[in-house]
Amino acid sequence: MNERARKIVRVKARGEVVRTLSEVVEEGLEISILSASVTPDSITAELAVQAPSEEHVREFLRTLRRFGLEVKELEKTLVHDEETCVHCTACHSVCPTGAVVVEDHEVSLDESECIMCGSCAEICPTGAIKVASRKEGEE
Ligand code: SF4
Ligand code: SF4
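The numbering used here applies: residue 57 is where the sequence shown begins, and numbers increase by one.
Below is the structure:
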């Protein structure tokens with residue numbers, strides 16, 4: 057399978073955000089809503105944007121900005137603590153993308169498939185897996 061480009065972004069818009077988003081979605085682009093909060097005059101949402109290429113993602117973000125949306129790119133990473141993981145595979149059962157791999161009863165992560173949705177962290181009984189913000193300068 058070809059690797060697709062992924063970017064986690066926070067979008068803040070006022071007004072007709074749903075119509076705006078639907079107008080700029082192009083073929084081959086997938087958007088997952090990770091979280092959203094709504095106030096009487098604004099909607100703030102974290103989105104995982106996946107597309108066939110980095111340029112495709114960038115063009116999508118440029119388009120959102122042209123529509124007047126505030127867009128902030130978020131750097132997130134998946135952290136798995138091997139010491140506290142009991143390999144119960146609960147995270148595997150809830151992962152929507154196949155980023156949690158189980159082989160010989162051992163759990164490992166394929167971060168290239170991860171959309172940072174946090175479902176694995178929510179279900180983990182030991183706190184062994186979490187989505188963290190990547191600090192500036194870290195790889
Ligand atoms: S849910 Fe937590 S303890 Fe269970 S396999 Fe996943 S990371 Fe390990
Ligand atoms: S955050 Fe966890 S559940 Fe969500 S895609 Fe990544 S590995 Fe899967």
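For glycine and all other residues, C-beta sits at the position ideal for the given N, C-alpha and C.
The alpha-carbon of residue 131 is positioned some 20 angstroms away from that of residue 137. Taken in chain order, the unbroken stretches of beta strand (DSSP E) that lie wholly in the region 101 to 162 and span 3 residues or more are 126 to 130, 132 to 136, 156 to 159. Take the alpha-carbon of residue 107 and the one of residue 114: they are about 10 angstroms apart. Of 68, 144, 147, the smallest CA-CA separation from residue 120 is found for 68. For residue 92, the pairing in a beta bridge is given by DSSP as 101. By the CB criterion at 8 angstroms, residue 141 and residue 184 fall inside the cutoff.
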